[in-house]
Structures are given as C-alpha cells and as structure tokens.
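J.: Handing you this structure, nothing more for now.
There are 2 protein chains.
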Amino acid sequence: MTASSSAQLRLATVSAHLASSSADPVSSALETSLPPVQINRDTLSVLLDGEDQTWRNWMFDQLKDPLFEYKNNITKEEAVRLNQQRTRHLARIGFRPKWDEPKFKNHKKFLAISDAMSYYDNSLSTMGGAHYGLYVGSIRELGSDELKAKWLPPADTFEIPGCFALTELGHGSNPRGIETEAHWDTKQGCYIINTPNITAQKYWIGAAAETAFMSVVWAQLYVPDPSNKDQWQHQGIHAFLVPIRDLKTREPCPGVTIRNCGAKSGLNGMDNGRLWFDHVKVPRNMCLDKYGGVNENGEYESMFQSKDQRFGGQLVNLSEGRVGLSISSANLAKTALTIAIRYGQTRRQFGARHPGEQETLIMDYNLHQRRLYPLLATTYAQHFAARAIMRMRDVEDKDLKQIKQFHVISSGLKSLHTWHLLDTLQATREACGGQGLKSSNRIGHMKADCDVMATYEGDNQVMLITVAKGSISDFTPKKIPALATFNKARFQNQTFSDATLLSSEFQLELFQHHAYAASQRLAAAVEITRSQQTDKKQSLDSILDQHSALSQEFARAVVEHFILQELVRIEKESLSSSSVSPLTLVRQLHGLWKLDMDPNMVRRRYIDESVQERIRDLVGAAIHRVHENVDALVSAFGVPDHLLGPIAGDWVQANVVEGNQDI
Amino acid sequence: MTASSSAQLRLATVSAHLASSSADPVSSALETSLPPVQINRDTLSVLLDGEDQTWRNWMFDQLKDPLFEYKNNITKEEAVRLNQQRTRHLARIGFRPKWDEPKFKNHKKFLAISDAMSYYDNSLSTMGGAHYGLYVGSIRELGSDELKAKWLPPADTFEIPGCFALTELGHGSNPRGIETEAHWDTKQGCYIINTPNITAQKYWIGAAAETAFMSVVWAQLYVPDPSNKDQWQHQGIHAFLVPIRDLKTREPCPGVTIRNCGAKSGLNGMDNGRLWFDHVKVPRNMCLDKYGGVNENGEYESMFQSKDQRFGGQLVNLSEGRVGLSISSANLAKTALTIAIRYGQTRRQFGARHPGEQETLIMDYNLHQRRLYPLLATTYAQHFAARAIMRMRDVEDKDLKQIKQFHVISSGLKSLHTWHLLDTLQATREACGGQGLKSSNRIGHMKADCDVMATYEGDNQVMLITVAKGSISDFTPKKIPALATFNKARFQNQTFSDATLLSSEFQLELFQHHAYAASQRLAAAVEITRSQQTDKKQSLDSILDQHSALSQEFARAVVEHFILQELVRIEKESLSSSSVSPLTLVRQLHGLWKLDMDPNMVRRRYIDESVQERIRDLVGAAIHRVHENVDALVSAFGVPDHLLGPIAGDWVQANVVEGNQDI
C-alpha cells in the first residue's frame, strides 16, 4: 500500500458516500433540531498541536527509517535487541535534550519530539522512559556534580544504559515497604547493599535483564546510632548508583545476581529483570544524596527531618512518569481510532440499503458509530487534559500547594487515561473484527503492549485512592468558592432546553455538582465510621478502603471534572478567533455520554427522568453530527500513514496473493 | 512449586487470617443484619459438575503429560507445531467420540472430557473446534455415506486434518454475502470452484495455513438454467469437500493458493490461512449435498425452495460453535478468578492494620473484593446458563420453535459470556499487577488468546441484533403469560425489606420487568420509524440499527433475564436437599450487582432512589459474605493446580534465584 493509493481509496469512498447520504434513512431519522456543523480540519489541528509542527513532523519522518518498521512474530530476545538498536539510533540523532542542557531551553522542540515518539511503540517509549526518565532523571535530580559529569554523558548516548531498581517482588504500588537494605559501614567507609530475603529481590526492573550496566538502587538506609554505635538508626529510603554489569565483559558485577522476569503477554521489547545484591559495597559518593546521606565525617545528614518528606522529594520523577502515560495514552487512542474509523469508512458488509447499491459501509451503521464516536470525543478531551498536566509539571519552583495538586491530578489522569486507552483499544479491536488482531494492523499489538499501563507507575485504583485522599479536604466551598452555592436539588423538578443541555455551562456545573455531592457523601461516611470506631488509630487510607465504592466514585468525579473543565477552557479560548469552536461538538458528545452512561452519575438522579431521556436523544444527535465531521476530526489528529496498519489504507490491495502477510 | 507446598501456604495464610479477622475493622464495619452463611465446597462442586467427575478428572490428568506444559516465548510456527502434536496426542488417547458413534452414546463421558479440555488453552480448543466441530461436523451432517466412510476415519485420528472455509476477506459476520463461486459444468460433469476477486479470498481459515489437507469450501452455487442453458441459475450457498494439499508432498493442490494470515496478537497456536481457488474442478460426489446439489442426471435438487432455508440448515454447526464459546468462557473465567483470588489471599501490601502485625493481605481490602467478587458471582451464573444452552443443543429433533429459541439464546449467551470473560481477564490481570502479565501466570496469555472470542463465530454486537430481532415478537404477554400483569409502576413508590431485595422472586421479576419494558420501548420506536418512513422497503435490521441503543439494551436484558432465570432454577432445585442453597449468596450478589451497576437498569428508575441506595448497601454486604466463603466458592470450581500459574501457589518460592523464569 502506498500512502497515495490509500488516500485515494478513502477519498473515493467518502465522496461516493456523501453523494448518496441525503437518501440515507439512518441519518435522516436521527435528525434533530440541531443545526448542522462543519468542522475545519486545519483549525482543529492547530488547536490540538499548535501552529508550528516542524519538530513533530521531523520525528515522524525519523520513524520512516527501515529500522523502525514494525516487526512481529519475533522472540523477546529479538524484540529487546531491536529496541536497543532503535533507542541507540534515536540517541544518535538527538531526540532528547543533553543532560547538561537547561531544562527549559528548546523546551517546545523536545516536547514536540517526545510527543510524536509516543505514537510509535510502547516498548520503545518504555525503554526511553526507564533510561532517560528514571535512571538519568534520578542522577540529574539527586546526584552530585561529580556523578553527573561522569555518568550522564555516556547515558545520553545510550552507550551506558541504566535502570531504576525500586520495585521488589513484595512491593510494587507501595514502594514505601521495600525491604532491600543499605547499611553504612563506618570501618570501611562505604554503604553495604543487601537483599535480605526472596520478596526483597528487585523485580520488573526495566532494562535490567539484558540492557543495563548501571542501576539506581533504592534501599532502606540504616546508619549507626550516634548515641549507641551498636544500634542501627533507620533513615528511610535512599537511592544509590550501583554498577550491575561489567562494562567490558557484560558479566554481572561481584555480588550482583541478575535474572530475566520471563515472557510477558506484551511489551516484550522491554527486558524486565530481577536483581539480588549480596552485601555489595557502594562508595560513599555513589549515594544520590541531595535529600540525605552520610557526609564526609561519616554522619547522616538530611535537609528533612521526616523520612516521608525525604522519600517524597526523591520520587518526584515518578509523577513525571505518570504525566508521560497520560500523554501516550491519548496519542495511542488517537492512533487506534484513526485505524478503526478509516477501516469503517472503506469496509462494507451486511448487504445494501437499496437494491443495486453496494453493501453499506460499516461506519454508516448507527451501532458502529456508537462503538467509536464517544471514545473519539473523550480522546479529544483527554488530549487537552494531558496538555494541562504537562503545563503543571513544567511550572518551575512549584509551591507546596502546586506540588500537591500536581501529584493528585497526575495520579488521577494516569488512571482515567490509561483505562480509556484500554477501552478504546478493546472497542477498536472489536470494530475491526479479526483484522484488529492481526499484528500488522497494530491494534492487537498495542493492546498487548499497553495493558501494563493500568498497573505500572501505580495501580489505577490505588491511584484513585490517592486522588480521593488528596481531594477530600480540597473539594470544599472554602477552596472552591463556586461550591458555596451548592444546592442538592439544583437540577431537579426542572426541564431544560436542548441548548442548555448541550451548553458547556450546564455540563460543567453538573460534573462539578456530582464531584461535590460525592465528596459530601464520602466525607459523611468517613465521619460516621470515625464516630463508631473502637479502633481509634484506624488510618484514613483504611477508612477510605472501607468505603471503596464511594472513594472511587468521588475520585473519578474529581478527575472527570478536571478533564471537562480543561476541554471547556480550550473550547472558549478558541471562540475568540471564531464564533463557533470546532471543539464544541466533541465537548458536547463527551459530556453527554458521561451523563448518559456513567452508572454513578445516572444513579444519583441529579436530573429528572425526562431530562435523562432527552440527554440520551441528544447523544444520538451528537453522534450523528460527529459522523458528518468524522474525516476532519480524525485527520486533525495527524497520525501519519506509516504509523497505521494496512487496514487504515487500501486493505484490499494489501491482501493480494503477492503480498507477504506471513510475518 | 509443588501442589502440596502451594496448598500449605494458602492454608497457613488463610488460617492466620481467620484467627485475626474478628478484630478486623473492615469486616466488622460491613456487617449488616444479614445472618452469616457457611457454604460447603463439596455440595457446591456437585451442583456445578455433578457427582461423577471421573471423566473430568481423567482429562485433567491427561493434561499433566509433559507435552501439555505451557510454552511461552515461541514463534507462531513453533506454537502451531506444538498445537498439532497436542491435538494428535489427544486423538490417540480418544478424547472425542468416533465419527460413526451415535451422537448420544457415552454423551456424559464426552461432555465431561470436552468440558475439562476447555480450561486448558484456547489455541488447542480452537484447533479441535475447527477440525472436529466444523470440518468433521459438516461432513457428518451434510455429506454422503461414501464421503463419511472415506474421509472421517483419518479425520478422527487427525491424520488428515481439515479446515472449514466459509469466511472471506470481504465477508465475516455476514456469511450470506460470500463471493466464492461454484459453477456446475455440465460437459465435464463436475463443479468448478473459483475465487473471482481479492475480497472473495477465504480468510482466517483455521488450520489452513499449515495444518489442513482438506477443506470444506463454501461457495455460491450456479447451475445452468434448465429452460435456457446459456444462463446461470443462482442456488445459494453450498459446501464442497476440496483437497487443498497433496497428502504426500504437502504442496498446495493444482489451482489452490495458500497464504498465512500472519502474526496475531494471540491464538498463534492456530494457523489461520488464506485460500484462493483458480477454477478448481470438484467431482459431483464431493458436494455436501444433504440440503441441495446436482443429482446424477445433472439437475439441481433440493428439499428446500428457499435459499435461506438451505443455508440455515447447513450452518447449524455454527450455533454449536457458539455453545462451545459460552462454555469455554465460563471455564476460563473460573481459571482466571482462581488465580487472582488465590494470589490475593497470599500477597500482602500497603502496611499492617495494627502495629506489629504483618502487612494486610490484598484480598482483605474492600477495593480488591469489589474488583473480583461480582465477577465471581456472575461466573457462577454463566456456568449454569452454559449448561442450559448445552441441554437445548442436545435436544434431538428440535421443532422449529426450539430451533429458533436455541439460535437466539446461543447467540446472546455467546456475546455476554465472551465479554464477561474479557472483563474478568482484564480485572484479574490488574488485580495481579505485573504478575498478571507474566506469561507463566497464564492470565495475560489467556487475554491475548481469548480476545478473538468477541468477534469470531459472529461479532458480539451483531449477535445481539439477532437476539433483538428474534425476541421482539416473542417477549409478549401472549408468549410469556407472566407479562400480562405487567405494570409500569410495579416497583415505584414503595419500599422493600432487605429480605425482599435479596430474594430471587424480586430480582427475577425486576429483570423480567426490564426486559419487557425494553421490548416495549423498542417496539414503539420501530413502530414510529415505520409510520414515518418514506422508504417502505427499509428492513427490520436497518430499523433496529437506527435504534441501536434500544436494540442492544433489549437484547442484553433478554439474555440477562435468561441467565438469572437459570441460576434461580438451579438454586431452587438445590433447596430440595437442604433448607439453604449454597447458590443463594452468589445469586444475590449477581442480581444486586446488575441492579446497581448496569447503566440501563439504573437509568430506567424502576425503583425509588432510596431502594436503589439500599441495593448498593446490600451489594457491600453480599461482597462481605462472599469474602467469608471465598475458599469454598473458588475451590468448588475444581480447576487443578497444573492449569494455574505459579502466583496461584507459592509464588515466593517460585521466585528463588534458582528458579528459571527466563522462559
């Protein structure tokens, strides 16, 4: 398939379809009083990705190199070697800022490059994320100038790849509980790192099995008690830079044992490994001691009294990882939707509507539109939410309030975005039938590779507890003045015009109403439990778990409100240049769909039954209007043809006898 | 890991947990007025799988042969070879009835064997299903005695494997549209089978790429018009037995082209192939002509006038395939839940509830219970629904009403069961964290292999249209007398005791109420569309698509009602031997969960808001009671240890340095 033949096929089919669609019984029956809308692809593209897409296109072009052709049916060892080659190649062509480049120099360039990258392949993103984000990031944020100068130049070029060894067999989403130990040995003047038992082995360490020479190892630090040298003082979790493989022989270093985590159902381009340390000596200067460590005099020193604060400061890179997942999720959802919708626009089945016509395009079935368009609308919403959290990340010198807000929202978006991606991959896979499973068509492969997103960098449901915990005291009239006028019956015993139901004001107020009502229900439940409890020491975490349905409902409501708020903000901004925003339609469908299908919002009966029914009618109308604009909505994503599979193009020609599908 | 060390670990953890649970704040806070229940594992096991489990255990034992050890990280070619070896081995030990054995001789034995098989691996089930179910089944049902005698003995032993070539690139869920042609050549006295264009190539044909020698090929039959020999008469779709590979050389037969469908994101043990026929001659006696074909005089003959009837009669095997999927789905869901719940009973994280205690078992978190127990309850429900559809299948000489009912319910169960399996695999995968992705722990591998179930043997949403279409005239007071007393306000403006809300009568009546109300809404919408339409020829299919949300809602409601009805029936039957049924608890949770979480049921507001809220409380209470009985509920499934992964056993010991996970 060439790009042009694919475009021609689509164009031909779409034109033929438009020409006949006035007689289409399905569209005419869905017509409502809503005026037609015509969305401009280019305006939308600028809203999504900015006017200057030079660097984004540069990166997309790099991915045309034969090295980046998708390879399927290979063993995990082959997948890892390929992933290493690709990572090294990208390092060579300079797709990341150098370690000593100031953080916000060329910021837009590197954002655009890294954004474009994320469409391509999750194994490659993950190898880059583990090495540059976690390994390099930890040294840059926490290490001494001496360590940076020595280890970051060969890390930048991927000559000396590293890994980030935090997770253990026994502790994943709860890193505070890790069991690896580091003891300060006064006599030898070094740290001794040790794996005390089976569950303390480092596990799932990305790039550890085959790729990495170095590792940032996290351990519970014990130093001799100054007042009683025979006793150990626990100082909490610290990070150490530890060589794990000999730079020449590639053999594990003395005292280090390395094993592979074995085959996984996806992401096999990433070599996850297991590490054990048998009393490995680590020099004093190899501690990443920005927030705490043993000083030249052999005494422990930290800027924080609290171990929790030390740990929080050190783990700021993990929040950045979550931001990365929110972005990739939205981008990969765009890719999957582009593939499935294009296929639906060229694939015919189930007979003709009228005698003598061709069979109906599957994208013309209402059933098929309902599968895909609400997901398309939410993908738009999540795109802008991902941009918002990137901006929050990039605020220099955040104050404490900003740090907390960033932590809470990045955790929440990570959950809702990765789940949305998995839902989108499932729906698009099914929408493409068996073709959705064919590796060369990408969706099935993406499903396998992205599944891990729901639990790595923190389990999604656990992340939502973080959101509930962090928001329960914030979602109050004191902190959000609009809530002061909250009235439980605000929307009841009323009818609303279609214009109101479709308006951003109504939708946003109802989302906020839901979040606030959910916070009140949760707060009341917590209060009752506290008043009844005999066990006065029960933690808030434990109480929130006891009310897990309410906690999850509240957390989701907070994050959904944030997402809609951002979408509305951009919609309004775009109004300044034109009287109609191209985002209005997707915002309407996104909002209506949640009001129609979210069992929690529906259960709470904020609105009357007739309003609820009318919302369902409007969902139908919004889907119809999306259908009329779907070419613009999909092509504005700008996913290039070489990142899509044959079914997004001329899949008939791709299946001639001569074509080699046996890969 | 040995079975006994695994059992010991679980026992030790569970006993320790029971000893401390009276002081457990989470359980005590969830207590309601409901009396405690204690479920007996053995009683439950008999209800599920009957008293005599000899043949089931025989099959489980066969799967201990080293040939059946799970292999990961292999190419698709290796996976296919392994799958062929396993299929041949099973044929040798006699796991299927011989072709000439009367259908219901030894019925229980073969049901038990095939049931046990389905827990093991979807690639193996699919290879067996394609060969024995579709290929052998077609010859047995439609072929002449001569063909049976010649081709079925070597098919039984898998010496001459065959495939079933119906699906084409252009037509999958809509087989009526296939384009492959068979013309009767009067001069040569044979059929000529031809692939007229690219979309007519046979596609996804299981076992065609490497394994099969023979194929049952489906084609549109054209015979010369008796009144005008220059014109062709279309006789509809017929099946032909066609050799595709030379028995000695394995080379494609003359005129046959074979290609592989390429790597897939799962089910790679199954070699899906593509087939083209270039004017291939097929002798007259190779037509599977039970319902129609050319006779000795060269004239077309059929017992049916209607092409649709001919086609329907021939495709009865496809309904049987759907039954198989309903059963396997339930069994694989049992496997995944057994793995995840056992892991949750031994995995600790997120700190201790009280100082000095071990960290909390993740299965003791309310959040974790809510992830898994509603799925456990629904899996019980689906187990019995699958048994019911098997009984419907096995009725000899079904009348037309029974055939229709079987077609409708088998289509509906196929959809709801396979989706439930995919939901269960996703939830259990996430519940196991990264371990859920490790191939050796099976869940990730099952996810990849089972994804196809949602669209093969018919796309699930399309299947639900079949259900809506088939039920809209049946879900009436005339056919279901109970509906005559239907009253829209039946449940409104009333409160109900907990005992009522938990009762099977209330739940079943509400499910039926929902299905009937949905049928009325859909019927009204169809009526309105018909009265407004200008295009008088619009088909019911097209109108149902126009109201796809209502059609899908109705179809789901019909199937959910069937599932609950079956569960209640078995629950009541089991009451005859005891005053308490061990199924009551799962039936309660299954019913309550749908009432609480199904957005359609919630949206319709059949019950008052306070009742809706009370249902949510009772969900919490039911989850708590399931937690108290979860060992019995899981172990009654009887999934043997060798079909579970290391995390279902002593996963700590499975991760010692010496263990080789690098597979």
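Residue numbers (our numbering), protein chains in the order written: chain W, -1 to 661; chain L, -1 to 661. We treat Cβ as the ideally placed atom computed from N, Cα and C, and that holds for glycine.
1) To the nearest whole angstrom, what separates the beta carbons of L:Cys251 and L:Arg272, a pair I think is in contact under 8 Å?
2) Using a C-beta to C-beta distance shorter than 9 Å, which residues of chain L count as neighbours of W:Pro194?
3) Taking 8 Å as the threshold, find out whether the stretch 379 to 389 of chain L comes into contact with the stretch 546 to 563 of chain L through three or more Cβ pairs.
4) Are L:Pro580 and L:Leu42 close, meaning C-beta to C-beta below 7 Å?
5) How is the alpha helix (DSSP H) around L:Cys430 delimited, first residue to last?
6) Hey, does W:Thr30 have any beta-carbon neighbour from chain L nearer than 7 Å?
7) Give the residues of chain L in contact with W:Glu428, contact being defined as C-beta atoms less than 8 Å apart.
8) Between L:Ser654 and L:Gly127, what straight-line distance do the alpha-carbon atoms span, to the nearest angstrom?
9) Touch check for the stretch 259 to 269 of chain W and the stretch 235 to 247 of chain W: three-plus C-beta pairs under 8 Å?
10) May I ask which residues mark the beginning and end of the alpha helix (DSSP H) holding L:Asp143?
11) Which partner residues does W:Asn295 have in the DSSP bridge list?
12) Got a sec: is the Cβ-Cβ distance from L:Ser123 to anything in chain W below 7 Å?
13) Three-state secondary structure (DSSP) at W:Met388?
14) Starting from the beta carbon of W:Glu607, find every residue of chain L whose beta carbon is closer than 9 Å, and list them in chain order.
15) Have a look at W:Thr124 and W:Ala446 and give me their C-alpha separation to the nearest angstrom.
16) Would you mind giving the Cβ-Cβ distance between L:Ile137 and L:Thr165, rounded to the nearest angstrom? I have them listed as a contact below 8 Å.
17) Do W:Ala620 and W:Leu590 have their CB atoms nearer than 7 Å?
18) Anything in chain L within Cβ reach of W:Pro597, meaning under 8 Å, just list it in chain order.
19) Quick one: which chain L residues come within Cβ less than 7 Å of W:Arg351?
20) Thinking W:Leu583 and W:Val215 are a contact (beta carbons under 8 Å), I'd like their distance in whole angstroms, please.
21) Roughly how many angstroms lie between the CA atoms of L:Ile645 and L:Asp629, to the nearest whole one?
22) With a CB to CB cut of under 6 Å and the five nearest residues on each side skipped, what residues in its chain are close to W:His588?
23) Check whether chain L comes within 7 Å of W:Val654, counting only Cβ atoms and requiring the distance to be less than that.
24) Please report how far the alpha carbon of W:Ala114 lies from the alpha carbon of W:Tyr130, in whole angstroms.
25) Whole angstroms is fine: what's the gap from W:Cys285's alpha carbon to W:Glu144's?
26) I want to see whether chain L comes within less than 7 Å of W:Arg368, judged by CB atoms only; does it?
27) Give me whichever residues DSSP pairs with W:Arg346 in a beta bridge.
28) Taking the C-alpha atoms as reference points, what is the distance between L:Ser19 and W:Ala523?
29) Mind pulling the chain W residues with CB within less than 7 Å of L:Val650?
30) Provide the residue(s) that pair with L:Tyr189 in DSSP beta bridges, ordered along the chain.
31) Terminal residues of the continuous beta strand (DSSP E) containing W:Leu164?
32) Label L:Asn491 either buried or exposed according to how many other C-beta atoms from any shown protein chain fall within 10 Å of its C-beta, with 16 as the threshold for buried.
33) Three-state secondary structure (DSSP) at L:Ser577?
34) Of all the residues that make up the stretch 243 to 267 of chain L, which are near chain W by a beta-carbon distance shorter than 9 Å?
35) Going by other Cβ atoms of all chains shown within 10 Å of its Cβ, with 16 needed for buried, is L:Phe66 buried or exposed?
36) Just to confirm, is the Cβ distance from L:Ser263 to W:Leu435 under 7 Å?
T.: Result, derived from the coordinates:
1) Actually they do not touch by this definition, with Cβ atoms about 15 Å apart.
2) In chain order: nothing, as chain L lies at least about 13 Å away.
3) yes
4) yes
5) No alpha helix (DSSP H) contains L:Cys430, which DSSP labels as neither H nor E.
6) Because the pLDDT at W:Thr30 is just 49, under 50, the model does not fix this residue reliably, and the point stays unresolved.
7) Ala452, Thr453, Asp457, Asn458 and Gln459
8) It is worth fixing the name first, because residue 654 of chain L is Val in this sequence and not Ser. Rounded to whole angstroms, L:Val654 to L:Gly127 spans 39 Å at the Cα level.
9) no
10) Asp143 to Asp154
11) Looking at the DSSP assignment, W:Asn295 forms no beta bridge with any residue, so it has no partner.
12) no
13) helix
14) Arg601, Arg602 and Arg603
15) 14 Å
16) Rounded, the Cβ-Cβ distance is 19 Å, inconsistent with contact.
17) yes
18) Asp594, Met595, Asp596, Pro597 and Val600
19) Ser540
20) At roughly 51 Å, the Cβ-Cβ gap does not stay under 8 Å, so W:Leu583 and W:Val215 are not in contact.
21) 16 Å
22) Ala375, Thr376 and Ala379
23) yes
24) 17 Å
25) 12 Å
26) yes
27) W:Leu359
28) Note that L:Ser19 scores a pLDDT of 37, beneath 50, so its modelled location is shaky and nothing firm can be said.
29) Ile196 and Thr197
30) L:Trp182 and L:Val280
31) Note, W:Leu164: premise wrong, no beta strand (DSSP E); not H, not E.
32) exposed
33) coil
34) Thr255, Arg257, Asn258, Cys259, Gly260, Ala261, Lys262, Ser263, Gly264, Leu265 and Asn266
35) buried
36) yes
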